[in-house]
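Chemist: Residue numbering for the sequence shown follows my numbering, starting at 33 and increasing by one per position. Would you mind keeping the following structure in view while I ask a few things?
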Amino acid sequence: MKVVVKPYAKAFINFAAHRDDILCVTADLTSSCEVDGFRDLYPNKFISMGMTEQNMMSFCGALALEGFYPFIHTFAVFLYRRPLDQIIASVAFPNRKVRLMGFLPGITTPGGITHQAIEDIAVLRSLPNMTILETGDATEVETVLNIADSIEGPVYVRILRGEVIRLFDTPFEFNKLRLLQKGSDILLLTSGIMTEEALKVTSLLKTKNISICHLHVSTLKPFAQTEFLDYLSSVKKGVITMENHTIVGGLGSIAAEIMAENGINKKLIRLGLKDTFAHGASLKYLMKEYKMDAAALIEAVESLLNIKTFITENDFIDTRDELKQVIDKTEDL
């Protein structure tokens with residue numbers, strides 16, 4: 033594994049450079065969303081709308097009506113809270129090909145409630161016609177653009193920025209669960225940054241004779257229901273979900289809905305924000321404070337299996353520390 037610096041910046045240039053139908057749109061967060069390089073190279077395909085998200089959404093709906101494919105870049109929280117009515121009326125209802133590229137999803141920012149998109153999946157999953165994708169590593173950041181472009185109708189993408197770890201050798205696959213580890217005791221579903229967090233301890237749990245089937249989820253709507261049920265039938269005890277989001281309406285709710293609708297009598301433990309807002313702090317602190325980290329996964333496994341693993345935090349491999357390529361700093365706004 034290694035860390036890739038700003039994988040999205042290069043990926044977007046490579047993707048959009050020779051496409052006259054693609055327009056790069058921002059809301060006064062150009063460099064923060066890593067498209068300043070594209071702006072400098074292709075100014076005629078770049079539009080900065082300023083901090084006018086509602087107007088921007090309606091404008092991009094009109095661009096799509098005229099045959100353009102706008103890719104909107106801003107922080108995730110600004111993509112759906114303020115302009116929700118415009119998303120519905122100008123993008124989702126007419127099923128326009130607008131791509132919402134949301135940076136700093138969940139608690140990946142220290143900005144507190146005004147900047148943390150903790151209910152974006154819940155809100156946008158409820159909109160007809162909306163597809164929702166989430167990147168979990170540098171490879172998925174680099175390859176999600178072609179997937180988003182291939183989908184008819186609007187697409188919302190949770191994008192990672194800055195220094196992004198590379199976990200996967202194969203590209204983003206639409207509506208496909210990525211099998212990371214086979215197992216027969218517990219089915220573990222992780223999405224986004226939570227996959228990296230879970231990987232700190234999944235191999236360690238295996239040494240304790242705990243058999244975990246670990247799936248990485250990158251397509252949240254639609255969801256690979258049949259595939260999920262097939263994996264679920266192969267485990268004996270239950271399911272754990274880990275998400276960078278409130279446990280209401282996101283990955284945990286998706287799993288709960290499918291299990292309930294199909295009469296699956298297995299326990300489900302959801303790790304994520306539990307009916308609370310998160311305050312501003314570093315990602316590492318927030319993950320621990322709100323029990324969303326590897327230690328919380330250990331506790332969930334112990335609860336589900338009714339055992340003690342005697343694994344402590346000193347036993348964890350901190351991926352970022354091991355790589356020694358990342359300067360430990362709070363994510364800038």
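Built from N, CA and C at the ideal position, the CB exists for glycine as well. Small disclaimer: the values here were computed from a predicted structure and weren't measured.
Below 6 Å CB to CB, which residues in the same chain sit around methionine 319 once its five sequence neighbours on both sides are set aside?
Modeler: One-based indexing of the sequence shown puts residue 319 at position 287. Correct list, in chain order: Asp325.
Chemist: Between which two residues does the beta strand (DSSP E) holding isoleucine 197 run?
Modeler: Translated into the one-based positions of the sequence shown, residue 197 becomes position 165. 195 to 198 is the span of the beta strand (DSSP E), which, as asked, contains isoleucine 197.
Chemist: Roughly how many angstroms lie between the CA atoms of valine 189 and isoleucine 218, to the nearest whole one?
Modeler: For the purposes of this step, residue 189 is taken as residue 157 along the sequence shown, with counting starting at 1. For the purposes of this step, residue 218 is taken as residue 186 along the sequence shown, with counting starting at 1. Roughly 28 Å separates the two Cα atoms.
Chemist: Going along the chain, which residues of its own chain have a beta-carbon closer than 6 Å to the beta-carbon of histidine 50, five neighbours each way excluded?
Modeler: Here the question's residue 50 lines up with position 18 in the sequence shown. So the list is empty, once near-sequence residues are dropped.
Chemist: Could you name the residues of the same chain whose beta carbon sits closer than 7 Å to that of isoleucine 45, not counting the 5 residues immediately before and after it, in chain order?
Modeler: Working through the sequence shown from its first residue, we reach residue 45 at position 13. Excluding sequence neighbours, isoleucine 45 sits near Gly69, Phe70 and Leu73.
Chemist: Evaluate threonine 58 with the Cβ neighbour count: other Cβ atoms within 10 Å of its Cβ, from every protein chain shown; 16 or more gives buried, anything less gives exposed.
Modeler: Position 26 of the sequence shown, counting from 1, holds the residue named residue 58. It counts as buried.
Chemist: Is the separation between the beta-carbon of alanine 312 and that of glycine 134 shorter than 8 Å?
Modeler: Mapped onto the sequence shown, residue 312 falls at position 280. Mapped onto the sequence shown, residue 134 falls at position 102. Checking the sequence shown, residue 312 turns out to be glycine, not alanine. Result no, Cβ atoms of glycine 312 and glycine 134 do not sit closer than 8 Å.
Chemist: Indicate whether the contact test is met: 3 or more Cβ pairs, each with one atom in the region 106 to 125 and one in the region 170 to 182, closer than 8 Å.
Modeler: Contact between the region 106 to 125 and the region 170 to 182 is absent, because fewer than three Cβ pairs lie under 8 Å.
Chemist: At which residue ranges does the region 221 to 248 contain complete alpha helix (DSSP H) runs of 4 or more residues, listed in the order of the chain?
Modeler: Listed in chain order, they are 226 to 231 and 234 to 239.
Chemist: From alanine 108 to alanine 149, what distance separates their C-alpha atoms?
Modeler: Within the sequence shown, the letter at position 76 stands for residue 108. Within the sequence shown, the letter at position 117 stands for residue 149. Their backbone Cα atoms lie some 6 Å apart in a straight line.
Chemist: Identify, in the order they occur along the chain, each residue of the same chain with its Cβ nearer than 6 Å to the Cβ of glutamate 151, setting aside the five sequence neighbours on each side.
Modeler: By 1-based counting over the sequence shown, the position of residue 151 is 119. Excluding sequence neighbours, glutamate 151 sits near Thr278.
Chemist: Can you give the Cα-Cα distance for lysine 361 and glycine 295, rounded to whole angstroms?
Modeler: Locating residue 361 in the sequence shown gives position 329, counting from the first residue. Locating residue 295 in the sequence shown gives position 263, counting from the first residue. Low confidence applies here, because lysine 361 scores a pLDDT of 42, under 50, leaving its location unreliable and the question unanswered by this model.
Chemist: Round the Cβ separation of cysteine 92 and valine 130 to the nearest angstrom and send it over; I've been treating them as touching at under 8 Å.
Modeler: As a position in the sequence shown, residue 92 is number 60, starting the count at 1. As a position in the sequence shown, residue 130 is number 98, starting the count at 1. That pair is a contact at about 5 Å.
Chemist: In the DSSP assignment, find the unbroken alpha helix (DSSP H) run with lysine 320 in it and report its ends.
Modeler: Stepping through the sequence shown from its first residue, residue 320 is reached at position 288. Where lysine 320 is concerned, the enclosing alpha helix (DSSP H) stretches over 315 to 321.
Chemist: Whose CA, out of Ser314, Glu293, Lys323 and Lys38, lies closest to the CA of aspartate 307?
Modeler: By 1-based counting over the sequence shown, the position of residue 307 is 275. Nearest option by C-alpha distance: Lys323.
Chemist: Is it true that the CB of leucine 336 sits closer than 8 Å to the CB of isoleucine 290?
Modeler: The count along the sequence shown starts at 1 and reaches residue 290 at position 258. The count along the sequence shown starts at 1 and reaches residue 336 at position 304. Not closer than 8 Å, so no.
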